[in-house]
Amino acid sequence: MYRYIVRRVLISVPLLIGISLITFGVINMAPGGPIGISSDLNPKATAEYRERLKAYYGLDRPIYVRYGQWLGRMAVLDFGDSFSPDGRKVWDKIRERIPVTLSINLLSMATIFLIAVPIGIYSAVRKGSLFDRIATVTVFTGFAVPTFWLALLLMILFGVHLGWLPISGLVSLEHDSLPLAGRVADRAKHLVLPIFLAGFGGLAGISRYMRSNMLEVIRQDYVATARAKGLPERKVVFRHAMRNALLPVITILGLSVPDLLGGSVIFETIFAIPGMGQLFYQGVMSRDYPLIMGILTIGAFLTLLGNILADVGYALADPRINTGRTG
Amino acid sequence: MTERLLDVRSLRVAFETEQGTVRALFGVSFSVAPGETVGLVGESGCGKTVTALSILRLLPSPPSKVEGGEILLRGENLLPLPEKRMCDVRGKAISMIFQEPMSSLNPVLTVGEQVAEVFTAHGVCGKREAAERAVAWLRKVRMPDASLRAREYPHQMSGGMRQRAMIAMALALSPSLVIADEPTTALDVTIQAQIMALLQEMREQERMAVLLITHDLGVVHDFADRTAIMYLGRIVEIAPTRDLFADPIHPYTQGLLASLPGKQPGMKRLPSIPGTVPDLSAVPPGCPFADRCPFRQAAFARFRSGEAPADSLEICDREDPPLFEYAPGHLAACHYQRAARGEAR
Numbered sequence: 010m011y012r013y014i015v016r017r018v019l020i021s022v023p024l025l026i027g028i029s030l031i032t033f034g035v036i037n038m039a040p041g042g043p044i045g046i047s048s049d050l051n052p053k054a055t056a057e058y059r060e061r062l063k064a065y066y067g068l069d070r071p072i073y074v075r076y077g078q079w080l081g082r083m084a085v086l087d088f089g090d091s092f093s094p095d096g097r098k099v100w101d102k103i104r105e106r107i108p109v110t111l112s113i114n115l116l117s118m119a120t121i122f123l124i125a126v127p128i129g130i131y132s133a134v135r136k137g138s139l140f141d142r143i144a145t146v147t148v149f150t151g152f153a154v155p156t157f158w159l160a161l162l163l164m165i166l167f168g169v170h171l172g173w174l175p176i177s178g179l180v181s182l183e184h185d186s187l188p189l190a191g192r193v194a195d196r197a198k199h200l201v202l203p204i205f206l207a208g209f210g211g212l213a214g215i216s217r218y219m220r221s222n223m224l225e226v227i228r229q230d231y232v233a234t235a236r237a238k239g240l241p242e243r244k245v246v247f248r249h250a251m252r253n254a255l256l257p258v259i260t261i262l263g264l265s266v267p268d269l270l271g272g273s274v275i276f277e278t279i280f281a282i283p284g285m286g287q288l289f290y291q292g293v294m295s296r297d298y299p300l301i302m303g304i305l306t307i308g309a310f311l312t313l314l315g316n317i318l319a320d321v322g323y324a325l326a327d328p329r330i331n332t333g334r335t336g
Numbered sequence: 084m085t086e087r088l089l090d091v092r093s094l095r096v097a098f099e100t101e102q103g104t105v106r107a108l109f110g111v112s113f114s115v116a117p118g119e120t121v122g123l124v125g126e127s128g129c130g131k132t133v134t135a136l137s138i139l140r141l142l143p144s145p146p147s148k149v150e151g152g153e154i155l156l157r158g159e160n161l162l163p164l165p166e167k168r169m170c171d172v173r174g175k176a177i178s179m180i181f182q183e184p185m186s187s188l189n190p191v192l193t194v195g196e197q198v199a200e201v202f203t204a205h206g207v208c209g210k211r212e213a214a215e216r217a218v219a220w221l222r223k224v225r226m227p228d229a230s231l232r233a234r235e236y237p238h239q240m241s242g243g244m245r246q247r248a249m250i251a252m253a254l255a256l257s258p259s260l261v262i263a264d265e266p267t268t269a270l271d272v273t274i275q276a277q278i279m280a281l282l283q284e285m286r287e288q289e290r291m292a293v294l295l296i297t298h299d300l301g302v303v304h305d306f307a308d309r310t311a312i313m314y315l316g317r318i319v320e321i322a323p324t325r326d327l328f329a330d331p332i333h334p335y336t337q338g339l340l341a342s343l344p345g346k347q348p349g350m351k352r353l354p355s356i357p358g359t360v361p362d363l364s365a366v367p368p369g370c371p372f373a374d375r376c377p378f379r380q381a382a383f384a385r386f387r388s389g390e391a392p393a394d395s396l397e398i399c400d401r402e403d404p405p406l407f408e409y410a411p412g413h414l415a416a417c418h419y420q421r422a423a424r425g426e427a428r
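Residue numbers (this note's numbering), protein chains in the order written: chain A, 10 to 336; chain B, 84 to 428.
Here you go:
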């Protein structure tokens, strides 16, 4: 097991470099640039001024030289300085925002898991029932509806018409003056919509996936064996069938990390949540190359980490996976 | 047959499919006495496994449906029992050994856990004792290194070892009836012999009845007290095994026995039964075997050539023949034999 993990981590290093190479290229090929954004609409900006700005940011050098420099800095975990007017270190900017994004994503992942898995199981066990049919329709609607649009509708419904939930930010203005319970409730209220929306697509996918796995597993011979032993249906479903049906879901959850991070960009922007996604959106809009690269690298790192964790989890959960143990 | 442990009476089972209703069992009747071994023989798709699963009520419903009949266990009909009572029957009164040892064990639970579960499911004892009893049973079915193997997963074992574990599971609560659905079909020949020997030994030790489902006539010959031959969802002949092999009555049984190797030395080709089994969704009226029956075909040929004035076996195309007792305990369903030798009795 230990060797397996080490091997997986080592393989990830060239993968991470490859990803950074491609993203670096793509970002630099994107139209516009940090210079244009800060000088195009400025009538006083001369060509010479632009050249100076370019040289200041190091953009006058060819792309491969810049990539080499970036990689060299990354080797010592230096993310560089942001191009934005504050000029702060990229790592500092990301560090203060990571907790928000990660906690929302972890919460939504847990929500997905806790809601989608039971829905899938119940749909499979009662296949063709009213519940199954309602779940199927809801799930396909969920697939089809764009999250950002749904987010706006829910904001109007719950935030404006009903007034139950706040529509933006993480905390209310009076947050600091509230007692502890009030602060927790305030924060929870702010998180309901973002977490629901972050998990919405995954909810549909995972419940569907769980349902088909469960239908597949329930037909297996060993489920018949379990029934023939005289086990009650509840035990047959949860002990024998569910464990087998859950295995592939572990992988899917690991693979959903990039989707969640991508989703963060959308819902953090919509709900004005000061997280990494919002920072990324701002970074892209101002062509803040070091910031974009920094966030993408961390995103890639989290994705690979998610994959490794999923594989390790799978290997732990499924005794048939041989990870180099003898036997 | 004074006492009956299991009594299946005119059991009819059908499956609802998108193409319509497919009938699988057309009134199957047989009984098993305590301690007796009854062989249920037939080719693939004749309803052997459906019969077995129906007894334990393990067929998924829908699509399956019991259309009629009774399954009596010591006089009590199992069919109307609530699911909860049925769980008490399964594994404790009647247990089952499945055909595929490769897929019949749960891949994510250890073999020991799976055997121990039989005890805990029926509330026989606590978890720790169940684990100990499981190891004892694995030892009893001669699993090598039983206490080590109990902690292993099915994929770490050979087919023979898995089938031993299945047997341990089926016998753990000393049921009065074990249904063995082709227990050796998926194993290679040497292992087959070992597993059958083990079953034989266990049967004697535990004094349990066995319903042995197989398509291997050799196995029933060596193992079963009585043998039932199934064809297309019916029992066409049932008799004490010795009588069945000595004097097969139904033409299908005769065909099966004739196609065994070693009966006629010097023959290059083994005889086979001509024709194919009719499709279950479109079973013609009359005797299901009529199309392939040498008696029926000969009678029809005689009539066609003018040799005979009338088609003497025309009844075969009209009426499904009922079982008729030709000798004590020897029943067969054949119009021709009924006419040829039945009336003597």
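A virtual CB, placed ideally from N, CA and C, is assigned to each residue, including glycine. Owing to the predicted nature of the structure, the values given are computational and were not obtained by experimental measurement.
Measuring only between beta-carbons, confirm whether residue i sits less than 8 Å from chain B.
i: N253/A; result: yes
i: L139/A; result: no
i: P328/A; result: yes
i: P257/A; result: no
i: P40/A; result: no
i: H249/A; result: yes
i: P94/A; result: no
Alpha carbon to alpha carbon, how far is residue i from residue j?
i: P184/B; j: A281/A; result: 58 Å
i: S388/B; j: A341/B; result: 28 Å
i: T150/A; j: P405/B; result: 57 Å
i: N222/A; j: L294/B; result: 34 Å
i: H333/B; j: S114/B; result: 20 Å
i: I46/A; j: G292/A; result: 12 Å
i: Y236/B; j: A197/A; result: 44 Å
i: L270/A; j: G172/A; result: 29 Å
i: P94/A; j: L174/A; result: 35 Å
i: R334/A; j: P23/A; result: Reliability fails at R334/A, whose pLDDT of 48 lies under 50, so the model's placement of it is uncertain and no value is given.
i: A199/B; j: R379/B; result: 54 Å
i: A97/B; j: Y13/A; result: 52 Å
i: K176/A; j: H199/A; result: According to the sequence displayed, residue 176/A carries Ile and not Lys. Taking the straight line from one Cα to the other gives about 7 Å.
i: G42/A; j: L318/A; result: 37 Å
i: V124/B; j: A311/B; result: 6 Å
i: S137/B; j: D90/B; result: 13 Å
i: C376/B; j: R309/B; result: 24 Å
DSSP three-state label for residue i, please.
i: Y409/B; result: strand
i: K98/A; result: strand
i: P334/B; result: helix
i: S355/B; result: coil
i: P165/B; result: coil
i: S91/A; result: coil
i: I177/B; result: strand
i: D90/B; result: strand
Between residue i and chain A, is the shortest Cβ-Cβ distance under 8 Å, so that the two count as touching?
i: D228/B; result: no
i: L188/B; result: yes
i: F98/B; result: no
i: K175/B; result: yes
i: E183/B; result: yes
i: H418/B; result: no
i: E101/B; result: no
i: S259/B; result: no
i: D400/B; result: no
i: V179/B; result: The sequence given here places Met at residue 179/B; Val does not occur at that position. True, the Cβ-Cβ gap to chain A drops below 8 Å.
i: V218/B; result: no
Just checking residue i against the ligand ZN - is the residue's beta carbon closer than 7 Å to any of the ligand's heavy atoms?
i: R325/B; result: With respect to the ligand ZN, the structure shown offers nothing to examine, as it has no ligands at all.
Q. What residues in the stretch 122-141 of chain B have a beta carbon less than 7 Å from any beta carbon of chain A?
A. Cβ contacts with chain A: L139, L141.
**OP:** Taking a Cβ distance cut-off of 9 Å, strictly less, list which residues of the stretch 226-239 of chain A are near chain B, in chain order.
**Re:** Along the stretch 226-239 of chain A, the positions whose C-beta sits under 9 Å from a C-beta of chain B are I227, R228, Q229, D230, Y231, V232, A233, T234, A235, R236, A237, K238, G239, read in chain order.
- What are the uninterrupted segments assigned as beta strand (DSSP E) that are 3 or more residues long and contained completely in the stretch 193-224 of chain A, given in chain order? You should have found no qualifying run.
Quiz prompt | Completely contained alpha helix (DSSP H) runs for the stretch 193-264 of chain B, where each covers 4 or more residues | solution = Residue ranges of uninterrupted alpha helix (DSSP H) with 4 or more members, entirely inside the stretch 193-264 of chain B and ordered along the chain, are 194-204, 210-223, 229-232, 242-254.
- Query: Relative to chain A, which residues along the stretch 305-322 of chain B have a C-beta separation below 9 Å, given in chain order?
  - Reply: From the stretch 305-322 of chain B, no residue has a Cβ closer than 9 Å to chain A.
Alpha helix (DSSP H) runs wholly inside the stretch 18-65 of chain A, at least 4 long, in chain order
With a minimum length of 4 residues, the continuous alpha helix (DSSP H) runs that stay inside the stretch 18-65 of chain A are 43-48.
ask   = Residues in the stretch 194-213 of chain A with C-beta within 8 Å of chain B's C-beta atoms, listed in sequence order?
value = Residues: none.
### Ranges of the beta strand (DSSP E) found wholly within the stretch 264-304 of chain B, counting only runs of at least 3
The stretch 264-304 of chain B contains these whole beta strand (DSSP E) runs: 292-297.
Please list, in chain order, the residues of the stretch 194-209 of chain B that have any C-beta partner in chain A closer than 7 Å.
Answer in chain order: E200, V201, A204, H205.
**Message:** At a CB distance below 8 Å, what residues from the stretch 220-245 of chain B approach chain A? Give them in sequence order.
**Reply:** From the stretch 220-245 of chain B, only Y236, H238, Q239 have a Cβ closer than 8 Å to chain A.
Practice item. May I ask you to list, following chain order, the residues of the stretch 280-301 of chain B that have a beta carbon less than 8 Å from some beta carbon of chain A? Key: Within the stretch 280-301 of chain B, no residue has a Cβ that lies closer than 8 Å to any Cβ of chain A.
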